[in-house]
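What follows is a set of notes on a single structure, which appears directly below.
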């Protein structure tokens, strides 16, 4: 009897994360009737799209992508979104916060810190209801913020889209339970266990394209309360604001009204990884909307936010 030789091949950390994410994506496709991938054009949703392509190759990705367009996006992100969607050959559904405003479902914020970021919750919940989506795949990661650290991979939302952090299902040994009652839906997070560094190293390994705003570039900015916001017609400029030109990059991508830049000389991913390691700030430290209160993101999530 010949004893088979043991394999000397050991999976890398990134391979283990990739395998887990692909498993989750396939579980979503198997357990739900109408899943959708929430796509923002940021690095996390780009990584998620790439993982979805791998999960179902050589077949096409078996669910559409949904973008909730606030109307205050970086134009570079929108251009990148349209180019990537064409390459992937998937259906893109876009729903607009402006429509929710016009229908008097939400009210435009006013003042110095006005943003449409929180308004998109209503537009998202309406889109889920319109298309009957029972699972929404998102690119959230547990390391981003303390409320996201509480979230399960399959996060059940009630028929009002609300999330209860204290009422979640156990997921022992990666056993994912997609059973939901009528009216409920699930937010599924395939890259929950990734870190920001993991994402950047994976993007480098897989040679993924990104919007150019992630790399250092000169830009006209509004310096406000020590933060640098991209100059745009969407900002309500006040007397204390200072208009400057600096070489910056964006570490995370949201609305132009609430996403601060960081001063940077990093023109490639290797340099970005180095700068991030040396930084004393978290990734979401550049999100102005998260600073409205200690639990700003958690309160938005409870109401149906991504």
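Numbering (our numbering), first residue to last: 307 to 612.
Every residue gets a Cβ at the ideal spot worked out from N, C-alpha and C, and that includes glycine.
In this text the structure is predicted, and so the values were computed from the model without any measurement.
Next on the checklist: Let me make sure I understand the geometry here. Which of 544, 581, 563, 493 has the alpha-carbon closest to that of residue 555?
Outcome noted: Nearest C-alpha to residue 555: 581.
Item to check | Candidates 381, 576, 558, 529: closest to residue 418 by CA position | outcome: For the residues 381, 576, 558, 529, the minimum Cα distance to residue 418 belongs to 529.
Item to check | Simplified DSSP state of residue 389, which is helix, strand or coil | outcome: helix
Next on the checklist: I believe residue 484 touches residue 338 by the beta-carbon criterion, under 8 Å. Please report the beta-carbon distance rounded to the nearest angstrom.
Outcome noted: 6 Å
Item to check | Beta carbon of residue 505 nearer than 9 Å to that of residue 447 | outcome: yes
Next on the checklist: Closest to residue 490 by C-alpha separation, out of 575, 434, 365, 347, would be which residue?
Outcome noted: 434
Checklist entry - Contact check, residue 496 vs residue 443 under 8 Å by CB: the rounded distance? => result The pair is a contact, with the Cβ atoms about 7 Å apart (cut-off 8 Å).
Checklist entry - Taking DSSP as the reference, what is the three-state secondary structure of residue 333? => result helix
Checklist entry - Thinking just about the alpha-carbon of each residue, which of 549, 371, 353 is nearest to the one in residue 510? => result Closest by C-alpha distance to residue 510, out of 549, 371, 353, is 353.
Checklist entry - Around the C-beta of residue 371, are 16 or more other C-beta atoms found within 10 angstroms, so that it is buried, or is it exposed? => result buried
Next on the checklist: Going by beta-carbon coordinates alone, are residue 474 and residue 461 separated by less than 9 Å?
Outcome noted: yes
Checklist entry - Going by the CB atoms, is the gap between residue 376 and residue 426 shorter than 9 Å? => result Yes, they are a contact pair.
Next on the checklist: For residue 579, which residues in the same chain have their Cβ closer than 6 Å to its Cβ, ignoring the five residues on either side in sequence?
Outcome noted: 506
Checklist entry - Ends of the beta strand (DSSP E) at residue 572? => result First-last for residue 572: undefined, no H or E at that position.
Checklist entry - Any idea which residues DSSP pairs residue 373 with across the strands? => result 400
Checklist entry - Which residue's Cα is closest to the Cα of residue 382: 572, 588, 583, 559? => result 559
Checklist entry - Helix, strand or coil for residue 364 per DSSP? => result coil
Item to check | Classification of residue 324 by the beta-carbon crowding that lies within 10 angstroms, buried from 16 upward | outcome: buried
Item to check | Where the beta strand (DSSP E) through residue 472 begins and ends | outcome: Per DSSP, residue 472 belongs to no beta strand (DSSP E) and is neither H nor E.
Next on the checklist: Is it the case that the segment 341–358 contacts the segment 512–522, given that we only count it when at least three CB pairs across the two stretches are under 8 Å?
Outcome noted: When Cβ pairs closer than 8 Å are counted between the two stretches, the segment 512–522 is seen to touch the segment 341–358, the count reaching three or more.
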